[in-house]
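One structure is given here, and the rest of the page talks about it.
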Amino acid sequence: MIVNINVPNHIGEIEPYQGGRPIKEVARELNLDESKIVKLASNENPLGVSPRVKKIILKGLKDIERYPDGNGYYLKQAIATKFKLNDKQIILGNGSNDILELVARTFLIPNDEAIFSEHAFAVYELVVKAMGARGVEVKANNFEHDLDAFEKAITSKTKVIFIANPNNPTGTLINKKKLRDFLSAVPKSIIVVLDEAYDEYLDDNLKSEAFSWLEQYPNLLVSRSFSKAHGLAGLRVGYGVTHKSLAEYMNRIRQPFNVNQIAQLAAIESLADDDFIKRSKKINDAGMKQLITGFEKLNIIYIPSYGNFISFKLRDEQASMMYYHHLLKNGVIVRPIANYKMPSYLRVSIGLKDENKIFLEKLACV
Ligand SMILES: Cc1ncc(COP(=O)(O)O)c(C=O)c1O
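For any residue, its number in this note's numbering is found by taking its place in the sequence shown, counting from 1, and adding 8.
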């Protein structure tokens, strides 16, 4: 039967988000032993969930017949205390993707413009298009965000600017001076979203200081995630920090219970578990070195990355798909990134030492 619904053009034009292939799906399709599959496709924490947090999650299960605290009072308090913020500046999200979407839903109307970089995280374009607004993609400069070109792309219709720092899938980082100069140059009527999903992986001297910039730039929104170093991707929790009046507008259209009870408890515990974050960063640093050494031995070009993943180049699109399928058949899931206009590249997340070793071994024998 033909469905006779008139779908708006701006929805019809959206390319759905393509996530990393789930382990179970790959095992089922390729008839592989699930326990032997190495998934390095979604920038998850290979250490899993911190034991401390796991305990809290199990304890929290006894209360799930109740709705969660829709205001996330205790989680906001924990974030505010840790980063010396006012809780009214904080908005909680079902993952930081929810924050990105809330920005679009709160501030964009059809025909507005939102700027982001070529090769930037795919969700920016999705949430902008879903509002019938226009995504303005600024050419990257050797995979890096080109903030001078961003500035030139600003028009009277620009309402939002998305910056990923570090960016996924390129792993590039913008230095603080450049970012600050940019923020100073942007009209205060434009919201600048600074997406810091991977900040925990940065060395101390590179870590963001953007929370301390919020007072000077009331149009700045910083988003953070519990999916990466915190190891809670499956629970879906993230947050944004901005001027309290913007947070208040976003709160008006947020789903009342967008962050579930267990996620709130887990995130609070995780914020207090600095040791786990340190361990995650250490494993990531070591894994990054291991992969880079492996790529260099194989003469494979890669883009130096500040995240928990790295993108590497094959001869062309055909070669990258050949490598992708070869790895998949051998139980290693990585991520093709043709949808990021990088068809000859694959992205691999940093895993545990043995996982990285398996990946490199399989890569070497294509
Ligand atoms: C740059 C960037 N921002 C945001 C996200 C969204 O993460 P989550 O919604 O799990 O917090 C991701 C996830 O891959 C990402 O790479």
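Beta carbons: idealized from backbone N, C-alpha and C, even for Gly. What you are looking at is a predicted structure, and each value in this text was computed from that prediction instead of being measured.
In this structure, the beta-carbon distance from Leu306 to Leu371 falls below 9 Å. Looking at the DSSP output, Arg232 sits in a beta bridge with Tyr247.
Taking a cut-off of 8 Å for Cβ pairs, the region 338-351 and the region 21-38 touch, as three or more such pairs fall below it. Counted as a single uninterrupted DSSP element, the stretch harbouring Tyr132 is not any beta strand (DSSP E) but the alpha helix (DSSP H) occupying residues 131-138. Counted as a single uninterrupted DSSP element, the stretch harbouring Phe219 is not any alpha helix (DSSP H), since DSSP gives it neither H nor E.
At least one heavy atom of ligand 1 lies closer than 8 Å to the C-beta of Phe234. With a minimum length of 3 residues, the unbroken runs of beta strand (DSSP E) contained wholly in the region 277-357 fall at 309-311, 317-321, 353-357. Taking the Cβ atoms as the reference, Ser288 lies roughly 6 Å from Leu55, within the contact range of under 8 Å. In terms of Cα proximity to Arg113, the closest of Phe284, Arg262, Lys361 is Arg262. The three-state secondary structure of Ile171, taken from DSSP, is strand.
In the structure shown, the three-state DSSP call for Glu42 is helix. The C-beta of Pro174 has 16 or more other C-beta atoms within 10 Å across all chains shown, which makes the residue buried. Between His251 and Gln97, the C-beta spacing is below 9 Å.
Taking the Cβ atoms as the reference, Ile285 lies roughly 5 Å from Glu208, within the contact range of under 8 Å. Across the structure, Val200 and Asp120 are spaced so that their CA atoms are roughly 15 Å apart. If the five residues before and after Ile64 are omitted, its C-beta is found closer than 7 Å to the C-beta atoms of Leu273, Ala274, Glu277, all from its own chain and listed in chain order. Taken from the Cβ of Asn14, every heavy atom of ligand 1 lies 8 Å or farther away. The beta-bridge partner set that DSSP reports for Ala122 consists of Gly143, Val168. Note that the region 222-237 does not touch the region 151-167; fewer than 3 beta-carbon pairs, one per stretch, sit closer than 8 Å.
Minimum Cα-Cα distance from Val136 among the listed residues Leu214, Val146, Ile117, Gly339 corresponds to Ile117. Contact holds between the region 301-321 and the region 36-56, because three or more Cβ pairs, one in each stretch, are under 8 Å apart.
Tyr209 has its CB no nearer than 8 Å to any heavy atom of ligand 1. Across the structure, Ile182 and Asp203 are spaced so that their CA atoms are roughly 12 Å apart. Taking the C-beta atoms as reference points, Val144 is found nearer than 9 Å to Thr166. Distances from the alpha-carbon of Glu363 to those of Ser352, Gln298, Cys373 put Gln298 closest. A distance below 9 Å separates the beta carbons of Leu322 and Ile308. For the pair Val34 and Ile162, the Cα-to-Cα distance works out to about 43 Å. Here the alpha carbon of Asn338 sits roughly 13 Å from the alpha carbon of Lys365.
Here Asp212 is exposed, its C-beta having fewer than 16 other C-beta atoms within 10 Å. An exposed status is given to Gly242, since fewer than 16 other beta-carbon atoms sit within 10 Å of its beta-carbon. CA-CA distance, Gln326 to Val342, rounds to 16 Å.
Collapsing the DSSP output to three states places Val34 in a helix.
Distance from the Cα of Lys184 is smallest, within the candidate group Ile198, Phe265, Ser220, for Ser220. Classified as exposed, Val11 has fewer than 16 neighbouring CB atoms from the shown chains inside 10 Å of its CB. Judged by DSSP in its simplified three-state form, Val61 adopts helix.
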